[in-house]
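**Student:** Numbering (our numbering), first residue to last: 7 to 361. Each residue gets a CB set at the ideal place from its N, CA and C atoms; glycine is no exception. Here you go, one structure.
What follows is the structure in structure tokens.
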């Protein structure tokens, strides 16, 4: 059998072409050949077992740097390495699991809001990305499923698009299992730590890619929110639109300290300068919160390509008027484009419904 195209190999291995391109960039699974004229990646069918192993190791959250080492080992040694990795993960997360359990119990006791969630709910969702009218590339990623909603915005420059894709890809493993509500915060915190490692592994000698990330992970009527950077999460509930996140930017820090007002911040030349991002700083600093998912709620996750050009009132009216998430995403992207769309646009809209 001859070499396979990336699409054919992806189907044979049960992966996506996007994942294969990422694994090739970081040296985990390089193509067998690259066509010198077209640039198409070609794979040997004998690489399928290796590709499946890489996918399985990613599903347990192993960082790509460790995956590279494991794939070079003999089967017995590889099994020992996986056992050691998982033992360390269990140790690292045990304390956070106990804290999350206590937090859920505390929030649940005597809360009128939480008592309203004693019903089964589902999520109806839609996601969309648009390059905008100025940029010639897209560094944004939007992902939505019944369990996970996520938006990431790669910092413009070399590797920005790869960073946002890698961050969201690291979280999509959470779609495969549905754990109890008490594990939500711990599960999401661990996944974000892994996402930060994956982004850092994309570094070159002269550049470290970075990305923002805002995501919601659901278990039943509980939602865990994680946030790093200036992507945002909004909640439309009972006719009011609330911002659930705080931008991790230099100008927001100046506003918090009383050195700038909001009008000055909105026009400041450094308004997009991040103080927190995956891949930036010494280690990831993510905001985590636990929320109740109530029927009738509508959530919006978006990049600054939307919220920076479409004001709060327009977001509210668009979200309120849209019949469903698909129409909401379409109308929000259209609103950003009508406002000039100088940046990439990514948004996810999700409705909580009783079932």
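Hey, could you find the ends of the alpha helix (DSSP H) residue 29 is sitting in?
**Tutor:** Its alpha helix (DSSP H) spans residues 23-31.
**Student:** Which residues in the same chain as residue 309 place their Cβ atom closer than 7 Å to its Cβ, once the five residues preceding and following it in sequence are excluded?
**Tutor:** 146, 157, 159, 237, 350, 351 and 352
**Student:** Taking the alpha carbon of residue 223 as the point to measure from, which residue in 129, 155 and 92 has its own alpha carbon closest?
**Tutor:** 155
**Student:** Got a sec, what are the start and stop residues for the beta strand (DSSP E) residue 297 sits in?
**Tutor:** 293-298
**Student:** Alpha helix (DSSP H) containing residue 2: first to last residue?
**Tutor:** Residue 2 falls outside the range modelled here, since the chain spans only 7 to 361, and no answer is possible.
**Student:** Among all the DSSP beta bridges, which residues are the ones paired with residue 362?
**Tutor:** Residue 362 is absent from the model: the chain starts at 7 and stops at 361.
**Student:** Could you check the C-alpha separation between residue 249 and residue 324 for me, to the nearest Å?
**Tutor:** 15 Å
**Student:** Hey, residue 49 and residue 331: beta-carbon distance below 7 Å or not?
**Tutor:** no
**Student:** Buried or exposed for residue 53, please, with buried defined as at least 16 other CB atoms from any protein chain shown within 10 angstroms of its CB.
**Tutor:** buried
**Student:** Just list the residues that DSSP pairs residue 11 with in beta bridges.
**Tutor:** 48
**Student:** Just the C-alpha distance for residue 118 and residue 38, rounded to the nearest angstrom, thanks.
**Tutor:** Below a pLDDT of 50, predicted positions are generally treated as unreliable, and residue 118, at 43, falls in that range; the measurement from the model is reported next regardless. Each residue's Cα considered, the two are about 59 Å apart.
**Student:** Would you give the residue range spanned by the beta strand (DSSP E) that residue 136 belongs to?
**Tutor:** 127-136
**Student:** Are residue 221 and residue 232 close, meaning C-beta to C-beta below 7 Å?
**Tutor:** yes
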